[in-house]
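Colleague: As given, the protein sequences belong to chains B and F, one line each in that order. This note's numbering puts the first residue of the first sequence at 1, with every later residue one more than the last. This note's numbering puts the first residue of the second sequence at 335, with every later residue one more than the last.
There are 2 protein chains.
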Amino acid sequence: MKTEEKVYTISDVADELGVSKTTVSRAISGKGRISSQTRERVLEFIKVHDYQPNVLAKGLAQSKTFNLALVLPMDFAGSEISFFQECMHGICEMAAAYNYDVVIVMTESEDLTQVRRVIANRKVDGIILSRSVTDSSIQRFLREKKMPFVVIGYVEHSGIHWVDNRNQEASKELTGIMLMKGMHRLALLEGNSGFRVTESRRAGFLEAHKELGTPADESLIFSEVDSYLKAMKAVEQVLEAEADGIVCMDDYITNMVLGCLREKRIAVPSQIKLASLYDSQQLEKNTPPVTSLHFDTRALGKNACLDLMAQLGEKIDQEKFPMNYQVILRESTK
Amino acid sequence: MKTEEKVYTISDVADELGVSKTTVSRAISGKGRISSQTRERVLEFIKVHDYQPNVLAKGLAQSKTFNLALVLPMDFAGSEISFFQECMHGICEMAAAYNYDVVIVMTESEDLTQVRRVIANRKVDGIILSRSVTDSSIQRFLREKKMPFVVIGYVEHSGIHWVDNRNQEASKELTGIMLMKGMHRLALLEGNSGFRVTESRRAGFLEAHKELGTPADESLIFSEVDSYLKAMKAVEQVLEAEADGIVCMDDYITNMVLGCLREKRIAVPSQIKLASLYDSQQLEKNTPPVTSLHFDTRALGKNACLDLMAQLGEKIDQEKFPMNYQVILRESTK
DNA sequence: CTGAAAGCGCTTACAG
DNA sequence: CTGAAAGCGCTTACAG
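(1) Between the C-alpha atoms of residue 312 (chain B) and residue 148 (chain B), what's the straight-line distance to the nearest angstrom?
(2) Determine the closest residue to residue 426 (chain F) out of B:96, B:97, B:103 and B:93, with distance taken between C-alpha atoms.
(3) Would residue 81 (chain B) count as contacting chain F if we go by Cβ distances under 8 Å?
(4) May I ask you to report which of helix, strand or coil DSSP gives residue 107 (chain B)?
(5) For residue 21 (chain B), decide whether its Cβ has a neighbour in chain F, counting only Cβ atoms nearer than 8 Å.
(6) If you compare alpha carbons, which of B:216, B:302 and B:175 is closest to residue 291 (chain B)?
(7) Since residue 231 (chain B) and residue 238 (chain B) are thought to touch, with beta carbons under 8 Å apart, how far apart are those beta carbons, to the nearest angstrom?
(8) Tell me the start and end of each unbroken beta strand (DSSP E) in the segment 200-275 of chain B that is at least 3 residues and wholly inside, in chain order.
(9) Pull up the distance between the alpha-carbon of residue 608 (chain F) and that of residue 539 (chain F), whole angstroms please.
(10) Quick check: the segment 39-53 of chain B against the segment 61-81 of chain B, are at least 3 beta-carbon pairs closer than 8 Å?
(11) Leaving out the 5 sequence neighbours to the left and right, which residues in its chain are closer than 8 Å to residue 348 (chain F) when beta-carbon positions are compared?
(12) Using 8 Å as the limit for Cβ to Cβ distance, is residue 389 (chain F) near chain B?
(13) Taking contact to mean 3 or more Cβ pairs, one atom from each stretch, closer than 8 Å, check whether the segment 472-491 of chain F and the segment 549-563 of chain F are in contact.
(14) I need the DSSP call for residue 501 (chain F), collapsed to helix, strand or coil.
(15) Tell me whether residue 335 (chain F) sits in a helix, a strand or coil according to DSSP, three-state version.
(16) In this structure, how does DSSP classify residue 99 (chain B) when only helix, strand and coil are distinguished?
(17) If we count Cβ pairs, one from each stretch, closer than 8 Å, do we get three or more for the segment 517-527 of chain F versus the segment 628-645 of chain F?
(18) If you follow the alpha helix (DSSP H) that residue 38 (chain B) is part of, which residue opens it and which one closes it?
(19) Compile a chain-ordered list of the residues in the segment 450-464 of chain F whose CB is closer than 9 Å to at least one CB of chain B.
(20) Could you give the DSSP three-state label for residue 292 (chain B): helix, strand or coil?
(21) With 8 Å as the threshold, decide whether the Cβ of residue 331 (chain F) is near any Cβ in chain B.
(22) Residue 463 (chain F) by DSSP, collapsed to three states: which one?
(23) Closest by CA to residue 464 (chain F), which one among F:484, F:662, F:455 and F:447?
(24) Candidates B:283, B:115, B:154 and B:170: which alpha carbon is nearest residue 330 (chain B)'s?
(25) Between which two residues does the beta strand (DSSP E) carrying residue 72 (chain B) extend?
(26) Under 9 Å between beta-carbons, which chain B residues line up against residue 516 (chain F)? List them in chain order, please.
(27) The beta strand (DSSP E) spanning residue 149 (chain B) covers which residue range?
(28) By Cβ distance, which residues of its chain are closer than 6 Å to residue 200 (chain B), with the 5 residues on each side in sequence left out?
(29) Give the interface partners of residue 232 (chain B) over in chain F, defined as CB-CB distance under 7 Å, in chain order.
(30) Just the Cα atoms here: how many angstroms apart are residue 400 (chain F) and residue 435 (chain F)?
(31) Could you please give me the residues that DSSP links to residue 523 (chain F) through a beta bridge?
(32) Quick check on DSSP: helix, strand or coil for residue 367 (chain F)?
(33) How would you call residue 84 (chain B), buried or exposed, if buried means at least 16 neighbouring beta carbons within 10 angstroms?
(34) Does DSSP classify residue 52 (chain B) as helix, strand or coil?
(35) Indicate, with yes or no, if the ligand FAD has a heavy atom lying under 7 Å from the CB of residue 191 (chain B).
(36) Taking C-beta to C-beta, are residue 316 (chain B) and residue 309 (chain B) nearer than 8 Å?
Structure below.
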């Protein structure tokens with residue numbers, strides 16, 4: 001049978017301990033000088049009696065809310081929904097670790113009303129903008145209001161905090177692994193150029209070559225591979241040049257290449273190795289399963305949250321930022 | 335060029351107007367006696383100078399947060415994700431209308447830690463439990479803590495607030511429409527019995543018959559129609575009995591029945607009408623498109639939110655509760 | 001190292 | 001109808 005426990009305030013604690021509220025406050029926050037003896041005594045009491053400081057009151061005194069907002073677009077493609085869900089997951093998890101909570105703000109593309117409301121009401125200390133709402137009207141507004149924020153996805157504008165998949169680093173790692181496995185002539189099949197991902201992934205590909213002292217053959221880099229026909233043409237040249245491995249920039253290209261190779265009756269991995277710089281469920285089920293880079297969206301969300309926490313003055317171990325990608329070695333590079 | 339506007343407090347407003355804080359507070363809240371003259375004056379000033387009361391301070395004084403929590407399961411089937419997304423959408427929209435914000439709490443099935451945290455920190459005034467976390471351990475906890483909450487989905491336990499699709503009412507309406515369109519012998523093909531939806535939908539079906547004075551033929555009600563074979567058997571009996579319409583309990587059954595009718599070369603709607611008591615994208619694309627009941631998950635979310643608002647003492651127009659279903663008349667009942 | 005006191009920006013009995 | 005004052009539960013200069 002549970003006894004109805006009364007809800008303690010800081011005054012109660014102070015009284016029962018025969019010290020001042022100041023002292024209790026200091027013991028809890030760790031700020032200000034206090035003898036370790038009294039600190040222990042206070043902390044002990046708090047634990048036993050399960051005292052929980054009132055966050056609202058603390059907030060009022062410090063003008064903080066210990067809430068952050070996650071701005072989610074209302075109008076997104078069905079395929080994106082799990083991206084946002086995973087982001088949210090990571091953000092909530094990390095926020096909870098710092099005893100913050102996550103307020104959801106749903107916005108129609110260019111509509112600022114909900115963001116305005118949450119800011120006017122001072123309900124949050126900082127804001128996370130999820131990918132699709134990277135439009136600058138909202139960013140401008142936040143800068144004007146001097147509200148700390150971070151964007152998920154690359155942002156051109158300097159001075160704005162953002163987090164993104166570390167495509168370059170990841171590509172470098174996967175490429176490096178292939179080179180170390182003994183491949184020497186790797187081809188790279190890119191998607192449409194002009195996108196940042198394309199450039200990052202290529203940079204990683206080249207960097208790995210440079211670091212390992214295996215010069216990359218520029219003639220084996222094919223851009224704009226956005227159709228089966230182009231894929232086929234590239235594959236033919238790759239075979240002719242006797243490359244021993246093909247790196248595709250994403251799962252879409254990978255699938256086309258697999259088709260081409262099948263059509264030409266070239267066996268993977270025995271005759272040529274294959275890897276993708278972007279993972280998808282598909283790749284695992286292919287024959288053979290294709291080695292690829294997996295990006296962890298939940299970790300991305302965590303990173304966004306950590307960046308914001310840092311902006312809000314929380315102490316962050318740099319090591320806490322989780323790795324966001326993972327090389328998944330499958331049969332295609334055996 | 336924006337001028338740096340200072341953030342007004344209630345004291346500033348009071349001073350500038352030459353009245354007391356009490357008066358300003360009353361003008362805003364509408365509580366307590368105040369002359370309409372002064373009220374107008376205060377309100378006017380507030381609007382012009384864009385004064386926004388500090389919700390935190392208000393909260394501390396009233397021990398309220400003007401936040402509610404939406405508890406979301408972390409482990410759900412992929413097919414459910416859009417359900418939760420739409421719920422969330424509706425909840426956020428309605429909460430905003432009452433100037434509340436929605437805090438997200440993600441929980442692993444039986445794990446209470448996150449819920450505990452948000453409650454211990456007094457970060458929310460009430461809680462919405464989304465469908466999959468209807469497990470009673472969390473509900474028991476909330477009752478113990480005397481935290482107002484509402485569950486999305488039917489709950490057996492009396493005294494617990496819940497909202498759900500109004501299956502009975504909706505079924506009654508669709509059935510009624512069919513009867514009024516001139517059909518007289520309607521068959522009902524049910525799924526597995528024992529489920530609440532099954533019973534609600536049947537009840538609605540029967541109720542419509544009773545109200546319109548067209549007795550339902552019990553021999554035309556088939557339960558446990560969970561395979562093509564059973565569907566076929568039912569359809570044969572329906573045809574033999576010369577029914578003029580078939581009501582299927584969900585889209586799955588409807589699809590099977592469509593198959594059966596096609597196999598038997600019975601044309602819909604010319605030889606027999608067809609309707610489904612549950613909509614899906616599929617039904618629209620069928621030949622012919624099938625009349626059905628559409629349930630609006632966003633509205634369900636709104637209803638959950640409204641129920642909670644009422645529990646929290648907000649004034650709610652009963653009419654505000656949005657209708658959650660809609661009869662979609664398509665070719666199959668023409 | 002510790003505490004009394006003022007302050008965060010509201011609300012609300014209470015008195016007039 | 002209006003206002004002075006106490007209170008919500010914390011933090012934090014300031015003084016000792």
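Glycine is no exception: its CB is placed at the ideal position from the N, C-alpha and C atoms.
Modeller: In terms of the structure at hand:
(1) 7 Å
(2) B:103
(3) yes
(4) strand
(5) Chain F contact via Cβ: absent.
(6) For the set B:216, B:302 and B:175, the Cα lying nearest the Cα of residue 291 (chain B) is the one of B:175.
(7) Actually they do not touch by this definition, with Cβ atoms about 10 Å apart.
(8) 245-248
(9) 14 Å
(10) no
(11) Around residue 348 (chain F): 354, 355, 357 and 358.
(12) Answer yes: the Cβ-Cβ gap between residue 389 (chain F) and chain B drops below 8 Å somewhere.
(13) no
(14) helix
(15) In this prediction, residue 335 (chain F) scores a pLDDT of 37, lower than 50, which makes its location untrustworthy; the coordinate-derived value is nonetheless stated afterwards. DSSP places residue 335 (chain F) in coil when its eight states are reduced to three.
(16) coil
(17) no
(18) 36-49 is the extent of the alpha helix (DSSP H) around residue 38 (chain B).
(19) 451, 452, 454, 455, 456, 457 and 458
(20) strand
(21) Given a span of 335 to 668 for chain F in the structure shown, any question on residue 331 (chain F) remains unanswerable.
(22) strand
(23) F:484
(24) For residue 330 (chain B), the nearest C-alpha among the options comes from B:283.
(25) 67-73
(26) Here the premise fails: no neighbours, minimum Cβ distance about 40 Å.
(27) 149-152
(28) Listed in chain order, the non-local C-beta contacts of residue 200 (chain B) below 6 Å within the same chain comprise 167 and 168, local neighbours out to five positions each way being set aside.
(29) Ordered by position in chain F, no residue passes the 7 Å Cβ test against residue 232 (chain B), which lies about 34 Å from the chain.
(30) Residue 400 (chain F) and residue 435 (chain F) have their C-alpha atoms spaced approximately 7 Å apart.
(31) F:556 and F:582
(32) coil
(33) Residue 84 (chain B) is buried by the Cβ-count criterion.
(34) coil
(35) The model on display carries no ligand, and the ligand FAD is accordingly not part of it.
(36) yes
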